[in-house]
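Here's the structure, in structure tokens; my notes come after.
Protein chains: 2
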Amino acid sequence: MPDAADPAAMNARRKFRREGEERRRQDLIEATLDSVAEHGLQGATLRTIALRAGVTAGLIRHYFPGKEELLQEAYTALVGRMTEQAKAALVMEDASPRRRLAAFVTANLNAPIIDTRVFSLWATFIGRAGADSTLARAHREGYLGFRNEVEAVVAEVLAAERRKTDAGELRHHAIAINAIIDGLWIEGCLAGEMFSPGELAAIGIKAVEAELGLAPLEQFQEK
Amino acid sequence: MPDAADPAAMNARRKFRREGEERRRQDLIEATLDSVAEHGLQGATLRTIALRAGVTAGLIRHYFPGKEELLQEAYTALVGRMTEQAKAALVMEDASPRRRLAAFVTANLNAPIIDTRVFSLWATFIGRAGADSTLARAHREGYLGFRNEVEAVVAEVLAAERRKTDAGELRHHAIAINAIIDGLWIEGCLAGEMFSPGELAAIGIKAVEAELGLAPLEQFQEK
DNA sequence: AGGCTATTTATACACTTGCACAACAAGGCC
DNA sequence: GGCCTTGTTGTGCAAGTGTATAAATAGCCT
Numbered sequence: 092m093p094d095a096a097d098p099a100a101m102n103a104r105r106k107f108r109r110e111g112e113e114r115r116r117q118d119l120i121e122a123t124l125d126s127v128a129e130h131g132l133q134g135a136t137l138r139t140i141a142l143r144a145g146v147t148a149g150l151i152r153h154y155f156p157g158k159e160e161l162l163q164e165a166y167t168a169l170v171g172r173m174t175e176q177a178k179a180a181l182v183m184e185d186a187s188p189r190r191r192l193a194a195f196v197t198a199n200l201n202a203p204i205i206d207t208r209v210f211s212l213w214a215t216f217i218g219r220a221g222a223d224s225t226l227a228r229a230h231r232e233g234y235l236g237f238r239n240e241v242e243a244v245v246a247e248v249l250a251a252e253r254r255k256t257d258a259g260e261l262r263h264h265a266i267a268i269n270a271i272i273d274g275l276w277i278e279g280c281l282a283g284e285m286f287s288p289g290e291l292a293a294i295g296i297k298a299v300e301a302e303l304g305l306a307p308l309e310q311f312q313e314k
Numbered sequence: 092m093p094d095a096a097d098p099a100a101m102n103a104r105r106k107f108r109r110e111g112e113e114r115r116r117q118d119l120i121e122a123t124l125d126s127v128a129e130h131g132l133q134g135a136t137l138r139t140i141a142l143r144a145g146v147t148a149g150l151i152r153h154y155f156p157g158k159e160e161l162l163q164e165a166y167t168a169l170v171g172r173m174t175e176q177a178k179a180a181l182v183m184e185d186a187s188p189r190r191r192l193a194a195f196v197t198a199n200l201n202a203p204i205i206d207t208r209v210f211s212l213w214a215t216f217i218g219r220a221g222a223d224s225t226l227a228r229a230h231r232e233g234y235l236g237f238r239n240e241v242e243a244v245v246a247e248v249l250a251a252e253r254r255k256t257d258a259g260e261l262r263h264h265a266i267a268i269n270a271i272i273d274g275l276w277i278e279g280c281l282a283g284e285m286f287s288p289g290e291l292a293a294i295g296i297k298a299v300e301a302e303l304g305l306a307p308l309e310q311f312q313e314k
């Protein structure tokens, strides 16, 4: 414990540890996302971010050319994490296409994807996409990746039902299903307490199955 | 034309006009929304806003207690305008419920509701809703008003089809349809050039009708 | 152990920000 | 026309911003 009356202790330089480059960059990006989620882009100052990362502000310039590049990398990391999580629900190799689609919808409408912090981050960054082409591209890539994934599962589901569909129809289904998931995701993030657990997922599955013209699975039928 | 070499002209005070209170407040709010849409919350400084409104920064304090209150009023005005426009498509008194629902979906998936500027504003503000309870309340009110409107039309449509539905089912339909419109709205705002004119509205109408289990109207059926 | 180097801290700087306040003048009122 | 209210301008200020850069030290190499 430094003695406030001791001039030498007052001038003492802060102790520090040298971390690996990758680790430091990761920590700084995480601190940036936390700052943006809590106080918005205006509150995410270099000093706030550095404080949260446990370093001093000057260090940021050692890893990033400037604040803008740090924010862009943070957003890219966020989008990557979001789409990765979302698509993770699709890797059930053994299940039927319909079950995989249902699991996909369910996963996207529950924690950890329904999350106010992630939503705040998404909204804050996407609001700047119209003005910042770097952010716009990062979003576009994540979005198209997600929609292609949807389209692939839909194709499998319809094939399993022996329904022939042309490419345009398939695309429309994917767009609509993507919209259903996005819309319910927003509702869940913004007003999660208005819905009972699992309710959003149930609504989502029903809406998706209606869109595809699928009869409800037997175990989900009532009476 | 002031002479730059003339000291008296250099010190000349700027000419101004006294505007009505309501007019000035309106102008300031509009300038605020423009600033936020263009440069985000960080770029919306008092000086930028004042410049856009054609006044000097000091005047803002004469109409608003501080910057935060100005932003809150601006967001309230935005939400009000959005829901008002969205609901305006429902006032076709004479049309059938189904036609009114279709017109509602169409109106919400075309200009001026599909608009990158409005979307940027919405995203920027909503990203702060998690931290600012005033913004959160403004959003909640607009959202619930919108969803109630949807629920009312859905009830009319189902009644016209002589289908009995309980309250819970009705609520689920409204939530799903709301999500479909929101999701497609976002897609249209963020990547409007990926869709041909009217395509989003067509997708939306089909998805909504599928959700409600309605057979396509005759003139929309193919072959 | 001792030196080297890259990581990290600390300080400085020019600039912007929101806010406070005094000076000013526009326009209604008599 | 002259005055008075108050809408409006201009200036000042302390706090905070991103960036630049010098000074220090942690930890590897030999």
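Residue numbers (our numbering), protein chains in the order written: chain F, 92 to 314; chain Y, 92 to 314. Where is the CB? At the ideal position from N, CA and C, for every residue including glycine.
Could you tell me whether any Cβ in chain Y is nearer than 9 Å to the Cβ of residue i?
{"i": "phenylalanine 195 (chain F)", "result": "no"}
{"i": "alanine 258 (chain F)", "result": "no"}
{"i": "isoleucine 294 (chain F)", "result": "yes"}
{"i": "leucine 281 (chain F)", "result": "yes"}
{"i": "serine 211 (chain F)", "result": "yes"}
{"i": "lysine 106 (chain F)", "result": "no"}
{"i": "aspartate 125 (chain F)", "result": "no"}
{"i": "asparagine 269 (chain F)", "result": "yes"}
{"i": "glutamate 302 (chain F)", "result": "yes"}
{"i": "arginine 231 (chain F)", "result": "yes"}
{"i": "lysine 255 (chain F)", "result": "no"}
{"i": "threonine 207 (chain F)", "result": "yes"}
{"i": "leucine 137 (chain F)", "result": "no"}
At the 9 Å Cβ level, is residue i part of the contact set with chain F, yes or no?
{"i": "isoleucine 151 (chain Y)", "result": "no"}
{"i": "alanine 128 (chain Y)", "result": "yes"}
{"i": "tyrosine 234 (chain Y)", "result": "yes"}
{"i": "asparagine 199 (chain Y)", "result": "no"}
{"i": "glutamine 163 (chain Y)", "result": "no"}
{"i": "leucine 51 (chain Y)", "result": "Residue coverage of chain Y in this structure runs from 92 to 314, which leaves residue 51 (chain Y) outside it and unanswerable."}
{"i": "glutamate 278 (chain Y)", "result": "yes"}
{"i": "glutamine 117 (chain Y)", "result": "no"}
{"i": "isoleucine 204 (chain Y)", "result": "no"}
{"i": "alanine 222 (chain Y)", "result": "yes"}
{"i": "arginine 219 (chain Y)", "result": "yes"}
Compute the distance between the beta-carbons of residue i and residue j, then report whether it is under 9 Å.
{"i": "glutamate 232 (chain F)", "j": "alanine 265 (chain F)", "result": "no"}
{"i": "leucine 267 (chain Y)", "j": "lysine 297 (chain F)", "result": "Sequence check: residue 267 (chain Y) is alanine here, not leucine. Their beta carbons are under 9 Å apart, which means alanine 267 (chain Y) touches lysine 297 (chain F) by this criterion."}
{"i": "leucine 200 (chain F)", "j": "leucine 291 (chain F)", "result": "yes"}
{"i": "leucine 275 (chain Y)", "j": "glycine 295 (chain Y)", "result": "yes"}
{"i": "alanine 270 (chain Y)", "j": "isoleucine 217 (chain F)", "result": "no"}
{"i": "threonine 281 (chain F)", "j": "arginine 189 (chain F)", "result": "Note that residue 281 (chain F) corresponds to leucine in the displayed sequence, not to threonine. Taking 9 Å as the Cβ cut-off, leucine 281 (chain F) and arginine 189 (chain F) do not qualify as a contacting pair."}
{"i": "threonine 197 (chain F)", "j": "glycine 236 (chain F)", "result": "no"}
{"i": "alanine 222 (chain Y)", "j": "glutamate 129 (chain F)", "result": "yes"}
{"i": "glutamine 133 (chain Y)", "j": "glutamine 133 (chain F)", "result": "yes"}
{"i": "aspartate 125 (chain F)", "j": "aspartate 273 (chain Y)", "result": "no"}
{"i": "glutamate 43 (chain Y)", "j": "lysine 178 (chain Y)", "result": "The structure shown has nothing for residue 43 (chain Y), since chain Y only spans 92 to 314."}
Ordered along the chain, which non-local residues of its own chain (more than five positions away) have a Cβ less than 7 Å from that of residue i?
{"i": "glycine 131 (chain Y)", "result": "Thr215"}
{"i": "valine 170 (chain F)", "result": "Ala229, His230, Gly233"}
{"i": "tyrosine 154 (chain Y)", "result": "Arg115, Arg116, Leu119"}
{"i": "threonine 123 (chain F)", "result": "Ala135, Ile140, Leu161, Leu162, Ala165"}
{"i": "alanine 246 (chain Y)", "result": "Leu261"}
When burial is assigned at 16 or more other CB atoms within 10 Å of the CB, is residue i buried or exposed?
{"i": "leucine 161 (chain Y)", "result": "buried"}
{"i": "phenylalanine 107 (chain F)", "result": "exposed"}
{"i": "glutamate 159 (chain F)", "result": "exposed"}
{"i": "leucine 303 (chain Y)", "result": "buried"}
{"i": "aspartate 257 (chain Y)", "result": "exposed"}
{"i": "alanine 103 (chain F)", "result": "exposed"}
{"i": "leucine 202 (chain F)", "result": "Contrary to the premise, residue 202 (chain F) reads as alanine rather than leucine in this sequence. The residue is exposed, with fewer than 16 neighbouring Cβ atoms inside 10 Å."}
{"i": "glutamate 34 (chain Y)", "result": "There is no way to answer for residue 34 (chain Y), as the model of chain Y reaches only from 92 to 314."}
{"i": "glutamate 110 (chain Y)", "result": "exposed"}
{"i": "proline 307 (chain Y)", "result": "exposed"}
Leaving out five residues before and five after residue i in sequence, what residues of the same chain have Cβ atoms less than 6 Å from its Cβ?
{"i": "leucine 192 (chain F)", "result": "Val244, Val248"}
{"i": "glutamate 300 (chain F)", "result": "none"}
{"i": "methionine 285 (chain Y)", "result": "none"}
Skipping 5 residues on each side, what residues in its chain have a beta carbon closer than 8 Å to that of residue i?
{"i": "leucine 226 (chain F)", "result": "Gln163, Tyr166, Phe216, Ile217, Arg219, Ala220"}
{"i": "alanine 251 (chain F)", "result": "Ser187, Pro188, Arg189"}
{"i": "arginine 138 (chain Y)", "result": "Ala148"}
{"i": "arginine 143 (chain F)", "result": "Ala122, Asp125, Ser126"}
{"i": "glycine 283 (chain F)", "result": "Ile205, Thr207"}
Touching or not, the segment 207 to 223 of chain F and the segment 250 to 264 of chain F, by the rule of three or more beta carbon pairs under 8 Å?
no
Counting Cβ pairs closer than 8 Å, one from the segment 163 to 178 of chain F and one from the segment 116 to 128 of chain F, do we hit at least three?
yes
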